[in-house]
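Residue numbers (numbering that gives the first Met the number 0): 0 to 357. Every residue gets a Cβ at the ideal spot worked out from N, C-alpha and C, and that includes glycine. Small disclaimer: the values here were computed from a predicted structure and weren't measured. Written below as structure tokens is the structure these notes are about.
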Amino acid sequence: MKKQWLIGGVLGLCFTAFLLSGRIAKRYHTEPETTLNATNMNPAIFAQDADQLAELRPYQEVTQQLVKGPLPSMTVLPGLLATKTLASGAVAMCTEMTPQGVVATEDYVIVSSYCHHHQHNSVLYVLEKTTGTYLKTIILPGKPHVGGLAYDPQQQRLWITGRRKQKAELLALDLQTIEAYQGDQPVKVTLRRQLHDIPRASMLTYYEGSLFVGYFSLKSEGIILQYELKNGDLQGDSARKLTLDSADSPIGQVQIERRIQGLAFYQDKLLLSQSYGPYNRSKLLVYDNIYEKDNFSARNAAHVLRLPAHLEQISVEGDDLLLIFESAATPYKGFEFTTVDRILRMDLAGWLKAQKND
Numbered sequence: 000m001k002k003q004w005l006i007g008g009v010l011g012l013c014f015t016a017f018l019l020s021g022r023i024a025k026r027y028h029t030e031p032e033t034t035l036n037a038t039n040m041n042p043a044i045f046a047q048d049a050d051q052l053a054e055l056r057p058y059q060e061v062t063q064q065l066v067k068g069p070l071p072s073m074t075v076l077p078g079l080l081a082t083k084t085l086a087s088g089a090v091a092m093c094t095e096m097t098p099q100g101v102v103a104t105e106d107y108v109i110v111s112s113y114c115h116h117h118q119h120n121s122v123l124y125v126l127e128k129t130t131g132t133y134l135k136t137i138i139l140p141g142k143p144h145v146g147g148l149a150y151d152p153q154q155q156r157l158w159i160t161g162r163r164k165q166k167a168e169l170l171a172l173d174l175q176t177i178e179a180y181q182g183d184q185p186v187k188v189t190l191r192r193q194l195h196d197i198p199r200a201s202m203l204t205y206y207e208g209s210l211f212v213g214y215f216s217l218k219s220e221g222i223i224l225q226y227e228l229k230n231g232d233l234q235g236d237s238a239r240k241l242t243l244d245s246a247d248s249p250i251g252q253v254q255i256e257r258r259i260q261g262l263a264f265y266q267d268k269l270l271l272s273q274s275y276g277p278y279n280r281s282k283l284l285v286y287d288n289i290y291e292k293d294n295f296s297a298r299n300a301a302h303v304l305r306l307p308a309h310l311e312q313i314s315v316e317g318d319d320l321l322l323i324f325e326s327a328a329t330p331y332k333g334f335e336f337t338t339v340d341r342i343l344r345m346d347l348a349g350w351l352k353a354q355k356n357d
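Laid out in structure tokens, this is it:
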């Protein structure tokens with residue numbers, strides 16, 4: 000009897016797994032239709048911030064450090080249910096936009112998203128920083144993965160990771176172009192620069208007059224390259240080569256841990272976000288005294304913060320850390336233990352102080 004019960008249980012689990020795999024396969028290969036004709040501004044899953052906070056209950060280290068104001072600790076991600084964009088040059092609605100990048104300017108928070116099935120143009124969502132109010136969707140040329148955003152405050156210029164003709168590239172948009180954009184055609188970019196030292200631009204950040212571009216690798220170590228800026232443009236098409244032993248050159252080219260999705264700098268620290276795939280918790284890896292290090296493997300991290308699955312870009316603004324997740328996008332929602340449909344703003348300085356006190 001016990002044997003029959005065990006066999007029945009195993010068969011039941013197999014059948015459940017079969018049904019679930021079918022749901023996942025269908026989710027990954029078909030894009031749901033929508034009756035919406037504009038980009039949605041309402042939450043995709045959690046109606047209230049309190050509901051999202053309850054979902055994050057297993058991550059007390061995160062919820063305890065969400066900022067207390069004046070900026071919102073949680074900002075609704077628009078466009079997860081439907082985004083007005085283009086498909087083959089014609090206006091179309093995409094229901095599988097997947098958020099990747101996040102960065103703050105003086106007045107805005109900007110999010111990048113791509114179509115999971117690469118049928119629609121990638122986009123930027125522009126949000127009012129102090130309220131989180133959705134302002135507009137900017138349609139980008141093509142369908143790049145847009146895994147990273149960086150903002151140069153000196154030139155008021157946004158940089159975006161892209162890919163063209165099977166080569167990594169960076170796109171640039173001036174802030175005035177972003178503010179003036181209207182309509183439903185691809186925005187006219189300010190600059191396009193191909194990168195020849197890296198197979199794919201997966202992540203991006205701005206720090207002290209340079210762009211730092213990272214390459215995501217699933218099975219092997221990734222890399223970070225530094226591109227100096229002059230008058231808001233890259234100096235040549237090659238990255239400056241390594242030196243971590245000089246404060247004059249914080250990073251030229253270094254190896255990093257695998258499965259890294261985002262990078263940021265804070266004081267003398269390097270921050271890396273690590274995640275890949277469903278059911279795997281993400282990590283924020285923090286490295287101290289980066290000028291003295293040449294190994295950015297996970298075991299050498301000074302601090303590790305465990306986070307929900309599908310963490311993408313991280314972005315530092317002042318003493319805060321912005322975090323964005325793709326778990327609420329249509330291809331992934333419903334399959335995670337913890338889903339996040341908001342941009343989170345953490346008190347980075349407060350969290351690091353707590354680590355020292357432990």
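Item                                                                                              : Value
Inter-residue CB distance, Y226 and S209 (contact presumed, cutoff 8 Å)                           : 6 Å
Sub-9 Å separation of Y132 and Y124 beta-carbons                                                  : At residue 132 the sequence reads Thr, which differs from the Tyr that was named. Their beta carbons are not under 9 Å apart, which means T132 does not touch Y124 by this criterion.
Segment contact, 8 Å Cβ cut-off, at least three pairs: the stretch 27–43 with the stretch 301–313 : no
For F334: DSSP bridge partner residues                                                            : None; F334 has no bridge partner.
Beta carbon of S314 nearer than 9 Å to that of G231                                               : no
Environment of A43 [buried if 16+ CB atoms lie within 10 Å]                                       : buried
Member of D287, L351, A263 and R280 whose CA lies at the smallest distance from the CA of V102    : A263
Supposed close pair Y286, L310 - CB separation, criterion 8 Å                                     : Contact flag wrong, Cβ pair sits at about 17 Å.
Where the alpha helix (DSSP H) containing D50 begins and where it ends                            : D48 to E54
Supposed contact pair L203 and Y265 - C-beta distance, whole angstroms, cut 8 Å                   : No, Y265 and L203 are not in contact; Cβ-Cβ is about 16 Å, not under 8 Å.
8 Å contact criterion, which I138 and V188 should meet: CB distance rounded                       : So it is not a contact: roughly 12 Å between Cβ atoms.
A16 versus L80: straight-line alpha-carbon distance, rounded                                      : Confidence at A16 is low in this model, with a pLDDT of 42, below 50, so the placement of that residue should be treated as unreliable; the coordinate-derived value is given next. Distance between the alpha carbons of A16 and L80: 27 Å.
Cβ separation of S281 and A308, assumed to be a contact under 8 Å, to the nearest whole Å         : 6 Å
Simplified DSSP state of G300, which is helix, strand or coil                                     : The displayed chain sequence assigns Ala, not Gly, to residue 300. Coil, per DSSP.
Endpoints, the beta strand (DSSP E) within which I223 is located                                  : G221 to K229
As assigned by DSSP and simplified to three states, the class of V61                              : helix
6 Å Cβ shell around T84 - same chain, five flanking residues per side excluded                    : C93, H119, N120, V122 and I138
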